[in-house]
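Have a look at the structure below before the remarks.
In our numbering, the protein residues as written are 185 to 288.
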């Protein structure tokens, strides 16, 4: 039996929120008021995109930028915030999430 641990990859993500199609620059208001949100990877791919669900929770709309598919059941889950949704998708691929404020 091997005691070696597998290295966990870290995915850097930048969160962006929008309301009625307008990008919100303040994450504090975005988390509270936005109707959609996207976690982007460094190369500009949408790792996970979410829409506001009833009762203020978030529903995954797309995972096109993730390293692979997620179970169809993931699209039925409701998450308390975008970070929870991104963490869920990353975990399905054996990775963790690190949120960055900008790519500068």
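C-beta: ideal position from N, C-alpha, C; glycine also.
Among 217, 273, 208 and 282, the one whose alpha carbon lies nearest that of residue 237: 217
Residue nearest to residue 257 in terms of C-alpha spacing, selected from 265, 281, 284 and 269: 269
Among 249, 241 and 248, which has the Cα closest to the Cα of residue 260? 241
Residue 262, DSSP secondary structure in three states: coil
Reduced DSSP category for residue 257 - H, G, I as helix; E, B as strand; rest coil: helix
Using alpha carbons as the reference points, say which of 244, 199 and 273 lies closest to residue 286. 199
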